[in-house]
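Here's the structure we're looking at; comments come further down.
Numbering (our numbering), first residue to last: 1 to 164.
This is how it looks when you write it as structure tokens:
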């Protein structure tokens, strides 16, 4: 993504809305290794179970639970958990499943910026959530009922400066 534009007045950054939209359109994803898991527990409970078991793995949460902290909109249906190394979720009561049926996606990304951008937002939301743009990207990718509306609510909350 080439965000800086050169004009007669020098280099100009596009509006934040433009950067947001370009990220959602152009981000190639976290890459790495991803696995899909199913549990009948509530999504927030699933995330807490993984966080408790993987405290030393520097876990970052995205998807619906993170979106709910930023701009509550819908019932959480799917979580995305980023960690620096793998974890056997079967021993925690999860069942491996297809991406379409997953309630939790566990990702060991190759994109190292996930942790640095999450740290930039720790004073505004929980210290264990991904940055809002990645949360929106995950929401857009995982979809579900009301997904586009949820992404737009996150966008408005962030760009309108409504986070504490």
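For every residue, glycine included, the Cβ atom is placed at its ideal position computed from N, Cα and C.
What does a CB cutoff of less than 7 Å around residue i pick up in its chain, not counting 5 residues either side in sequence?
i, result
"residue 109", "30, 31, 32 and 82"
"residue 159", "16, 17 and 20"
"residue 166", "No statement about residue 166 is possible, as the shown extent of the chain runs from 1 to 164 and does not include it."
Within a Cβ cutoff of 6 Å, which residues of the same chain sit near residue i, ignoring the five residues on either side of it in sequence?
i, result
"residue 57", "83, 84 and 85"
"residue 147", "139"
"residue 73", "150 and 153"
Pull up the distance between the alpha-carbon of residue i and that of residue j, whole angstroms please.
i, j, result
"residue 70", "residue 131", "10 Å"
"residue 157", "residue 18", "15 Å"
"residue 1", "residue 115", "Because the pLDDT at residue 1 is just 47, under 50, the model does not fix this residue reliably, and the point stays unresolved."
"residue 98", "residue 10", "50 Å"
"residue 104", "residue 14", "35 Å"
"residue 121", "residue 46", "23 Å"
"residue 68", "residue 75", "8 Å"
"residue 52", "residue 25", "33 Å"
"residue 135", "residue 107", "14 Å"
For residue i, which residues in the same chain have their Cβ closer than 8 Å to its Cβ, ignoring the five residues on either side in sequence?
i, result
"residue 102", "36, 37, 38 and 78"
"residue 60", "81, 82, 83, 114, 115, 118, 128, 129 and 130"
Would residue i and residue j be called neighbours here (beta carbons separated by less than 8 Å)?
i, j, result
"residue 93", "residue 142", "no"
Compare the C-beta of residue i with all C-beta atoms of chain B and state if any pair is closer than 8 Å.
i, result
"residue 76", "The chain inventory of the structure shown lacks chain B, comprising one protein chain alone."
Specify whether the stretch 88-96 and the stretch 145-161 touch according to this definition: at least 3 beta carbon pairs, one from each stretch, less than 8 Å apart. These segments do not touch.
Which runs of the beta strand (DSSP E) at least 3 residues long sit entirely within the stretch 36-95? Give them in chain order. Complete beta strand (DSSP E) runs here, min 3: 60-63 and 79-82.
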